[in-house]
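Report on the structure given below.
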Amino acid sequence: MKNIVLFGAPGSGKGTQSELLIEKYGFKHISTGDALRAEIKQGTELGKIAQGFISQGKLLPDELIIQLLASVYDALPDCEGVIFDGFPRTIPQAEALAQMLEERGKRVDAMIELAVPEEELIARLINRGKVSGRSDDNEETIRQRLEVYKAQTLPLSNWYEKAGCRFPIKGIGTLEDIFADISKVIDAL
Ligand code: AP5
Ligand code: MG
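Here the sequence shown stands for residues 3 to 191, numbered as in the working numbering.
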């Protein structure tokens, strides 16, 4: 079973490309953002906490996310692979993921990084905000999310480079072209 981290800034296409990967490879998908939005919808304790962080474009505390991740991962049925979308987002989260996988005799096989220029990210998310209903898809929060990404998440790019499993991909162009580049990486694993 492959463990693939799909990495990139808000709006880089992680969710979009995940859907194509699920369809082609039968992978399972863990999106911490989707999981948190589901908790908010159900009105759980975690959802109540998450709401404030998400609408302000800030990250939730690592401990909460790491707990959520392990319970979601262990609940997955047997499958060809797992895509991590929106996790890890900090170095402690990456360390926790490495440890969790190691305890289960596994590892991150590839960290695929979607590179998209900032102006394109902002345009995509403003556009998505017209229909998404997401509390974080407004220009002010989008800019905050991008700042948080640069400060807290982007250092992971180098972290995975050092770990020897980072595969950068050009994240602009047609969905199909980007997906073909991602598929090449996965097929070679
Ligand atoms: P999360 O839900 O993970 O959001 P995000 O990382 O900000 O990313 P998005 O979902 O906005 O973008 P995406 O990369 O999935 O792009 P998409 O495919 O939709 O996290 C939300 C919040 O939850 C965080 O801010 C935080 O508060 C909290 N959270 C989540 N995980 C956490 C964690 N691990 N730790 C702590 N807190 C956490 O595409 C975007 C748009 O572009 C779409 O409209 C799409 O149609 C379009 N598009 C996609 N590809 C292309 C293309 N090639 N050309 C043109 N348009 C395209
Ligand atoms: Mg997403």
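Even glycine gets a Cβ: it sits at the ideal position worked out from N, Cα and C.
Tell me whether residue i, by its Cβ, gets closer than 6 Å to a heavy atom of ligand 1.
{"i": "R168", "result": "no"}
{"i": "T18", "result": "yes"}
{"i": "L22", "result": "no"}
{"i": "P79", "result": "no"}
{"i": "L9", "result": "Inspection of the sequence shows that residue 9 is occupied by Phe rather than by Leu. No - ligand 1 has no heavy atom lying nearer than 6 Å to the Cβ of F9."}
{"i": "F29", "result": "no"}
{"i": "G131", "result": "no"}
{"i": "F89", "result": "yes"}
Just to check, is the beta-carbon of residue i closer than 6 Å to a non-hydrogen atom of ligand 2?
{"i": "K43", "result": "no"}
{"i": "G35", "result": "yes"}
Give the DSSP-derived three-state secondary structure of residue i in the structure shown.
{"i": "F86", "result": "strand"}
{"i": "F29", "result": "coil"}
{"i": "A77", "result": "coil"}
{"i": "N5", "result": "strand"}
{"i": "G13", "result": "coil"}
What is the rounded straight-line gap between the Cα of residue i and the Cα of residue j?
{"i": "L103", "j": "A40", "result": "25 Å"}
{"i": "K164", "j": "K30", "result": "26 Å"}
{"i": "L71", "j": "P63", "result": "13 Å"}
{"i": "V84", "j": "K60", "result": "25 Å"}
{"i": "R147", "j": "N5", "result": "26 Å"}
{"i": "D138", "j": "Q58", "result": "7 Å"}
{"i": "L66", "j": "T176", "result": "36 Å"}
{"i": "D179", "j": "I171", "result": "10 Å"}
* Fully enclosed by the stretch 26 to 70, which beta strand (DSSP E) runs are 3 residues long or longer? -> Listed in chain order, they are 30 to 33.
* Asked: Taking only runs of the alpha helix (DSSP H) that begin and end inside the stretch 90 to 115, which ones reach a length of at least 4 residues, in chain order?
  -> 93 to 105
* Asked: In the stretch 159 to 190, which residue ranges form an unbroken beta strand (DSSP E) of at least 3 residues, counting only runs that do not cross its ends?
  -> 168 to 172
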